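J.: Supplied in structure tokens, the structure appears directly below.
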Amino acid sequence: MSKYWKPGSERPRTVLVDDEEGGVLFLSSPPSSSGFGHSSLERQRQRLPVYKYRTAILYLVENHATTIIVGETGSGKTTQIPQYLKEAGWAEGGRVIACTQPRRLAVQSVASRVAEEMGVKLGEEVGYTIRFEDQTKPNVTKIKFLTDGVLLREMMDDPLLIKYSVIMVDEAHERSLSTDMLLGLLKKVQRRRPQLRIIISSATIDAKSMSTFFHIRRRNIGQAAEDPTPSELPAILSVEGKGYNVEIHYVEEPVSDYLQAAVNTVLSIHDKEPPGDILVFLTGQDDINAAVQLLTEDAQNNGLLVLPLFSGLSRADQDLIFSPTPKGKRKVVISTNIAETSLTLEGIVYVVDSGFSKQRFYNPIPDIENLVVAPISKASARQRAGRAGRVQPGKCFRLYTEEYFVKEMPAEGIPEMQRSSLVSCVIQLKALGIDNILGFDWLASPSPEAMIRALEVLYSLGILDEDAKLTSPTGFQVAEIPLDPMISKMILSADTYGCSEDIITIAAVLSVQSIWISVRGAQKEFDEVKLRFAAAEGDHVTYLNVYKGFIHSGKSSQWCYKNYINYHAMKKVIDIREQLSRLLRRLGIVLKSCERDTQVLRKAIIAGFFAHACCLEEFSPNGMYKTIKSSQEVYIHPSSVLFRVNPKWVVYHSLVSTDKHYMRNVIAIDPSWLIEAAPHFYQVRKPNPAPY
DNA sequence: GAGCACTGC
0 MSKYWKPGSE RPRTVLVDDE EGGVLFLSSP PSSSGFGHSS LERQRQRLPV
50 YKYRTAILYL VENHATTIIV GETGSGKTTQ IPQYLKEAGW AEGGRVIACT
100 QPRRLAVQSV ASRVAEEMGV KLGEEVGYTI RFEDQTKPNV TKIKFLTDGV
150 LLREMMDDPL LIKYSVIMVD EAHERSLSTD MLLGLLKKVQ RRRPQLRIII
200 SSATIDAKSM STFFHIRRRN IGQAAEDPTP SELPAILSVE GKGYNVEIHY
250 VEEPVSDYLQ AAVNTVLSIH DKEPPGDILV FLTGQDDINA AVQLLTEDAQ
300 NNGLLVLPLF SGLSRADQDL IFSPTPKGKR KVVISTNIAE TSLTLEGIVY
350 VVDSGFSKQR FYNPIPDIEN LVVAPISKAS ARQRAGRAGR VQPGKCFRLY
400 TEEYFVKEMP AEGIPEMQRS SLVSCVIQLK ALGIDNILGF DWLASPSPEA
450 MIRALEVLYS LGILDEDAKL TSPTGFQVAE IPLDPMISKM ILSADTYGCS
500 EDIITIAAVL SVQSIWISVR GAQKEFDEVK LRFAAAEGDH VTYLNVYKGF
550 IHSGKSSQWC YKNYINYHAM KKVIDIREQL SRLLRRLGIV LKSCERDTQV
600 LRKAIIAGFF AHACCLEEFS PNGMYKTIKS SQEVYIHPSS VLFRVNPKWV
650 VYHSLVSTDK HYMRNVIAID PSWLIEAAPH FYQVRKPNPA PY
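In numbering that gives the first Met the number 0, the protein residues as written are 0 to 691.
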């Protein structure tokens with residue numbers, strides 16, 4: 000242990016150079032550490048690129064409130080840095096080292112890897128917390144991995160995150176909604192708790208803006224001598240990755256049809272290049288299926304094994320992707336963005352990058368989120384290319400010109416914060432006591448329009464009052480419920496209508512992607528089976544029937560299979576439902592069933608979703624509706640049980656925007672219920688009774 | 001009679 004830098008001991012002989020712009024520290028020559036352990040796991044640890052920066056990292060963390068670590072994939076930073084910190088004493092005295100990840104799967108796999116390296120049982124010294132699963136032991140767990148969403152939730156009980164000595168925010172370059180929120184909040188926490196150390200780990204070089212953001216200036220300078228305050232200047236350290244070299248190829252002329260170009264490129268790779276699997280990035284399910292079709296026709300006798308990959312795939316189909324490529328075959332995986340970050344495929348040597356992905360954009364004026372095909376960023380393009388260099392040197396074929404890449408492609412994507420509705424963000428910040436939302440120190444400020452729209456929506460739901468403060472009890476209760484605020488409001492209203500037992504089932508189903516299995520080819524049969532569950536009132540009531548059937552079957556996977564229902568989705572429904580019933584009990588709400596009084600059920604739904612009311616246009620031949628709020632043209636989605644039924648008045652849960660705006664999850668209502676539920680929002684007989 | 005990139009609490 001003596002070889003390691005320990006807090007409070009002499010500074011290591013490391014050359015640190017002052018950066019001319021603002022005193023940022025760079026490491027110019029990493030020290031070489033030697034002699035630790037002899038087991039093969041230890042040797043593996045020492046071979047990781049991050050190992051030679053061990054002393055430097057510990058020095059920087061000791062002396063800087065914030066340390067920014069720029070490292071490519073494979074550097075080992077995620078698994079090693081928490082261990083270095085623990086070895087250096089950061090987990091002593093009951094303190095905990097936290098490391099956040101954007102995704103659940105990463106949390107679990109990294110935690111078990113670290114537990115294995117440390118030779119401890121997962122859930123004790125090394126643990127993790129994700130929703131529905133807490134594998135930590137109080138006073139025992141020293142290194143804790145968790146999703147950034149869970150850490151945000153923890154802040155509601157422990158705003159200063161007192162139990163943590165160091166918080167490492169990993170994958171910060173992805174700039175997810177919760178990462179951005181967390182970073183803004185951590186900056187605030189740091190001001191109150193100068194001893195807290197933050198490590199921000201990012202794959203891109205945009206460390207400068209992160210550094211500027213975290214360059215805090217504290218008011219109270221005087222600190223006790225034995226408790227020295229770390230420098231408020233963030234340190235930046237760059238760690239190289241371990242990936243193999245990937246040769247980049249561009250097209251010479253822009254392509255007009257990237258689908259066809261992708262197919263041609265795959266065939267030409269197969270024709271000219273040595274063995275190795277191919278990963279193709281396209282935008283969505285339709286494109287992917289079309290490409291699979293084209294390639295399969297071509298692939299009859301030529302040894303290509305073509306597989307689609309997107310999140311809606313069944314478990315069995317996803318497993319196909321991971322099974323080893325049969326001898327003499329070449330695997331071609333045609334994928335959405337899911338393979339860019341969420342899934343890692345081994346054995347990929349060639350990547351074909353269309354340069355596009357589907358991205359969410361939010362328009363605050365009509366309060367609608369759109370999913371559109373848009374060009375990716377340079378950061379994404381690099382990430383995609385990197386997928387070819389995991390096992391050996393690879394090649395990436397970009398279906399755009401080099402000139403386009405250099406001159407036109409944006410360096411970074413737009414942070415999710417600037418592409419989303421902010422209702423959930425706003426309510427979480429409010430619950431943390433941040434009243435001046437407009438003045439919050441964001442890493443990337445959302446548009447004032449989006450902010451105002453979020454405040455308006457929350458006000459209309461009775462979650463915020465005129466002073467934009469959380470109402471009591473509704474506002475505080477909604478903030479406790481980990482769901483979209485409109486769903487939370489619906490749940491709380493169900494208490495007054497006496498149907499909370501049923502409503503939490505609906506809320507749970509609405510919170511999972513889809514409980515139906517996506518079928519191709521068996522559409523007609525699927526529709527017939529669906530009719531067994533269909534309720535005249537609409538989709539929400541239909542879900543109650545499905546849930547009942549599932550419970551009645553003894554939660555049988557066989558039953559699900561027979562009824563085209565996604566078993567894994569149903570299990571998640573059960574989990575969410577459990578969580579909600581525990582939460583409601585804590586809020587003092589007694590669960591009660593309305594015994595299929597669908598009128599009170601729908602009134603409870605309206606209490607959350609009155610703003611989504613629509614009226615069928617008179618004489619509309621194609622089932623066109625208009626939203627009451629903003630006269631937006633919308634249609635019932637063909638997957639709804641009310642498709643072609645077209646009741647005069649409906650309320651929808653969400654919109655899917657493609658060529659038209661489609662309402663997904665629709666119920667039929669009586670317009671008088673709207674006025675009853677939201678008299679402040681709707682008035683009788685006015686042409687456009689929107690309140691804004 | 002048409003279709004939902006991806007996460008997360």
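The beta carbon of each residue, even a glycine, is placed where N, CA and C say it ideally should be.
Model, not experiment: these values are computed from the prediction.
Helix, strand or coil, according to DSSP, for Ala-280 in the structure here?
T.: Within the first sequence, residue 280 is the residue found at index 281, counting from 1. The sequence shown places Phe at residue 280, not Ala. The answer is strand: DSSP assigns Phe-280 an E or B state.
J.: As a quick exercise: from Val-456, Leu-104, Glu-407 and Ser-444, pick the residue whose alpha carbon is nearest that of Ile-426.
T.: Residue numbering aside, residue 426 sits at position 427 when the first sequence is read from its first letter. Comparing Cα positions, the closest option is Val-456.
J.: I'd like the list of long-range same chain contacts for Ala-373, defined as Cβ closer than 6 Å, with 5 residues on each side in sequence excluded.
T.: The sequence position of residue 373 within the first sequence is 374, counting from 1. So the qualifying residues of the chain are Gln-358.
J.: Taking C-alpha atoms, which residue in Gly-354, Met-180 and Val-149 lies nearest to Tyr-257?
T.: Working through the first sequence from its first residue, we reach residue 257 at position 258. Ranking Gly-354, Met-180 and Val-149 by Cα distance to Tyr-257 puts Gly-354 first.
J.: Using a threshold of 7 Å, state whether the C-beta atoms of Leu-370 and Ser-334 are closer than that.
T.: Position 371 of the first sequence, counting from 1, holds the residue named residue 370. Position 335 of the first sequence, counting from 1, holds the residue named residue 334. Not closer than 7 Å, so no.
J.: In this structure, how does DSSP classify Met-416 when only helix, strand and coil are distinguished?
T.: By one-based count along the first sequence, residue 416 stands at place 417. In this structure, Met-416 counts as helix in the three-state DSSP scheme.
J.: Would you tell me roughly how many angstroms separate the C-alpha atoms of Ile-564 and Ala-507, rounded to the nearest one?
T.: Locating residue 564 in the first sequence gives position 565, counting from the first residue. Locating residue 507 in the first sequence gives position 508, counting from the first residue. One C-alpha to the other measures close to 15 Å.
J.: Please report how far the alpha carbon of Gly-126 lies from the alpha carbon of Thr-140, in whole angstroms.
T.: As a first step, residue 126 must be located in the first sequence, where it is residue number 127. As a first step, residue 140 must be located in the first sequence, where it is residue number 141. Rounded to the nearest angstrom, the two C-alpha atoms are 6 Å apart.
J.: Runs of 4 residues minimum, wholly inside the segment 51-111: which ones carry the alpha helix (DSSP H) assignment?
T.: 53-62 and 76-86
J.: Between His-611, Phe-404 and Phe-360, which has its C-alpha nearest Thr-459's C-alpha?
T.: In the first sequence, residue 459 corresponds to position 460, counting from 1. Note that residue 459 is Ser in the sequence shown, not Thr. Closest option to Ser-459, Cα to Cα, is His-611.
J.: Please check the pair Leu-306 and Lys-330, which I expect to be a contact at CB under 8 Å, by giving their CB distance rounded to whole angstroms.
T.: By 1-based counting over the first sequence, the position of residue 306 is 307. By 1-based counting over the first sequence, the position of residue 330 is 331. That pair is a contact at about 7 Å.
J.: Mapping the DSSP letters down to three states, classify Thr-470 as helix, strand or coil.
T.: For the purposes of this step, residue 470 is identified with residue 471 of the first sequence, where counting begins at 1. Thr-470 falls in the coil class under three-state DSSP.
J.: Which first and last residues belong to the beta strand (DSSP E) in which Tyr-546 is found?
T.: Here residue 546 refers to the residue found at position 547 when the first sequence is read from its first residue. Segment 538-551 is the alpha helix (DSSP H) holding Tyr-546; no beta strand (DSSP E) there.
J.: How would you call Ile-734, buried or exposed, if buried means at least 16 neighbouring beta carbons within 10 angstroms?
T.: In the structure as shown, the chain begins at 0 and stops at 691. Residue 734 is therefore absent and cannot be evaluated.
J.: So Ala-603 and Ile-502 are supposed to be a Cβ contact under 8 Å. How far apart are they, rounded?
T.: To locate residue 603, count along the first sequence from 1; it is residue 604. To locate residue 502, count along the first sequence from 1; it is residue 503. About 5 Å separates the two Cβ atoms, so the contact holds.
J.: Indicate the three-state DSSP secondary structure (helix, strand or coil) for Trp-515 in the structure shown.
T.: For the purposes of this step, residue 515 is taken as residue 516 along the first sequence, with counting starting at 1. The three-state secondary structure of Trp-515, taken from DSSP, is strand.
J.: Please check the pair Asp-64 and Ile-197, which I expect to be a contact at CB under 8 Å, by giving their CB distance rounded to whole angstroms.
T.: Here residue 64 is taken as the residue at index 65 of the first sequence, counted from 1. Here residue 197 is taken as the residue at index 198 of the first sequence, counted from 1. Note that residue 64 is Ala in the sequence shown, not Asp. That pair is a contact at about 7 Å.
J.: Is Arg-314 buried or exposed, if buried means 16 or more other CB atoms sit within 10 Å of its CB?
T.: Here residue 314 corresponds to residue number 315 of the first sequence, with the count starting at 1. Exposed, because fewer than 16 other Cβ atoms sit within 10 Å of the Cβ of Arg-314.
J.: Could you tell me the alpha carbon to alpha carbon distance between Arg-418 and Leu-232, rounded to whole angstroms?
T.: Here residue 418 refers to the residue found at position 419 when the first sequence is read from its first residue. Here residue 232 refers to the residue found at position 233 when the first sequence is read from its first residue. The alpha-carbon atoms of Arg-418 and Leu-232 are separated by roughly 30 Å.
J.: Using 10 angstroms around the beta-carbon of Gln-222, count the other beta-carbons present and answer buried if the total reaches 16, otherwise exposed.
T.: Looking up residue 222 in the first sequence gives position 223. In this prediction, Gln-222 scores a pLDDT of 47, lower than 50, which makes its location untrustworthy; the coordinate-derived value is nonetheless stated afterwards. Exposed.
J.: Is DSSP giving His-652 helix, strand or coil here?
T.: As a working mapping, residue 652 is identified with position 653 in the first sequence. It is a strand residue.
J.: Could you check if Leu-673 is buried or exposed, using at least 16 other CB atoms within 10 Å of its CB as the buried criterion?
T.: Taking the first sequence and counting its residues from 1, the one referred to as residue 673 is at position 674. The residue is buried, with at least 16 neighbouring Cβ atoms inside 10 Å.
J.: Taking Gly-346 and Val-390 to be in contact with their CB atoms under 8 Å, please state how far apart those CB atoms are, rounded to whole angstroms.
T.: In the first sequence, counting from the first residue as 1, residue 346 sits at position 347. In the first sequence, counting from the first residue as 1, residue 390 sits at position 391. Right, the Cβ-Cβ distance comes to about 6 Å (below 8 Å), so this counts as a contact.
J.: Counting Cβ pairs, one atom from each stretch, are 3 or more of them under 8 Å apart for the segment 150-158 and the segment 71-89?
T.: The segment 150-158 vs the segment 71-89: no contact.
J.: Could you check what DSSP says for Val-250 in three-state terms: helix, strand or coil?
T.: Numbered from its first residue, the first sequence carries residue 250 at position 251. In the structure shown, Val-250 sits in coil (DSSP, three-state: anything other than H, G, I, E or B).
J.: Could you check the C-alpha separation between Pro-481 and Val-422 for me, to the nearest Å?
T.: On the first sequence, position 482 is the one that residue 481 refers to. On the first sequence, position 423 is the one that residue 422 refers to. Cα to Cα, the separation comes out at about 12 Å.
J.: Under 8 Å Cβ to Cβ from Ser-31, same chain only, skipping five residues before and after it: list those, please.
T.: Numbered from 1 along the first sequence, position 32 holds the residue referred to as residue 31. Because Ser-31 carries a pLDDT of 42, less than 50, the predicted location of this residue cannot be relied on, and no value is offered for it.
J.: For the ligand MN, I want to know if Met-416 counts as a neighbour, meaning its beta carbon is within less than 6 Å of at least one of the ligand's heavy atoms.
T.: Among the components modelled here there is no ligand, and therefore nothing to report on the ligand MN.
J.: Pick helix, strand or coil for Thr-140, following the three-state DSSP scheme.
T.: Position 141 of the first sequence, counting from 1, holds the residue named residue 140. Coil, per DSSP.
J.: Between the alpha carbons of Ile-67 and Gly-432, how many angstroms are there, rounded?
T.: Here residue 67 refers to the residue found at position 68 when the first sequence is read from its first residue. Here residue 432 refers to the residue found at position 433 when the first sequence is read from its first residue. If you take the alpha carbons of Ile-67 and Gly-432, they lie about 28 Å apart.
J.: Using only the alpha-carbon positions, how far apart do Trp-89 and Val-165 sit?
T.: Your numbering for residue 89 matches position 90 in the first sequence. Your numbering for residue 165 matches position 166 in the first sequence. Rounded to the nearest angstrom, the two C-alpha atoms are 7 Å apart.
J.: What does the Cβ neighbour count give for Thr-211, buried or exposed, with the cut at 16 atoms within 10 Å?
T.: Residue numbering aside, residue 211 sits at position 212 when the first sequence is read from its first letter. With fewer than 16 Cβ atoms within 10 Å of its Cβ, Thr-211 is classed as exposed.
J.: Mark His-695 as exposed unless 16 or more other C-beta atoms lie within 10 angstroms of its C-beta, in which case mark it buried.
T.: Given a span of 0 to 691 for the chain in the structure shown, any question on residue 695 remains unanswerable.
J.: When burial is assigned at 16 or more other CB atoms within 10 Å of the CB, is Met-485 buried or exposed?
T.: The sequence position of residue 485 within the first sequence is 486, counting from 1. Buried, since its Cβ has 16 or more Cβ neighbours within 10 Å.
J.: Assuming Trp-648 and Cys-614 are in contact, meaning their beta carbons sit under 8 Å apart, how far apart are those beta carbons, in whole angstroms?
T.: Residue 648 sits at position 649 when you count from the first residue of the first sequence. Residue 614 sits at position 615 when you count from the first residue of the first sequence. About 6 Å; that satisfies the 8 Å criterion.
J.: Express the C-alpha separation of Val-168 and Cys-98 in angstroms, rounding to a whole number.
T.: Translated into the one-based positions of the first sequence, residue 98 becomes position 99. Translated into the one-based positions of the first sequence, residue 168 becomes position 169. Going by the C-alpha atoms only, they are around 6 Å apart.
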